[in-house]
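Under my numbering, the first residue of the sequence shown carries the number 20, and numbering increases by one thereafter.
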Amino acid sequence: MIKIMLSTLLGDRRITQADLARKTNIRPSTINEIYHEMTDRINLVHLDLICEALGCELSDLIVRVPNKIPKIESTRSGHPISKR
């Protein structure tokens with residue numbers, strides 16, 4: 020699962036969503052969707068602007084948390100995927 024850590028980063032820096040929207044010129048509603056992890060896609064330019072405004076790396080903003088139950092069990096050719 021992919022986690023967006025924007026709420027944590029803003030909280031740590033005591034920056035509001037509105038402040039971030041003003042700094043980056045990203046629509047407040049877009050910032051809100053990212054903040055609440057209600058989006059399936061994020062514009063790469065927006066990611067760059069957010070990282071620049073917060074002085075963070077992309078890996079600070081987006082984190083992959085392994086799924087407890089794998090969603091992929093085999094390859095397209097039917098070969099099982101090895102469990103680590």
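The beta carbon of each residue, even a glycine, is placed where N, CA and C say it ideally should be.
- In this structure, Ile23 places its C-beta atom within 8 Å of the C-beta atom of Glu56.
- Looking from the CA of Asp67, the closest CA among Thr58, Ile91 and Asp79 belongs to Asp79.
- The C-alpha of Met20 lies about 13 Å from the C-alpha of Ile91.
- A Cβ-Cβ separation of about 7 Å places Ile69 in contact with Leu39 under the 8 Å criterion.
- Beta-bridge partners of Lys22 (DSSP): Val82.
- DSSP, read as helix, strand or coil, puts Lys90 in coil.
- Rounded to whole angstroms, the gap between the alpha carbons of Glu52 and Asp31 is 19 Å.
- The continuous alpha helix (DSSP H) containing Thr43 extends over residues Gln36 to Thr43.
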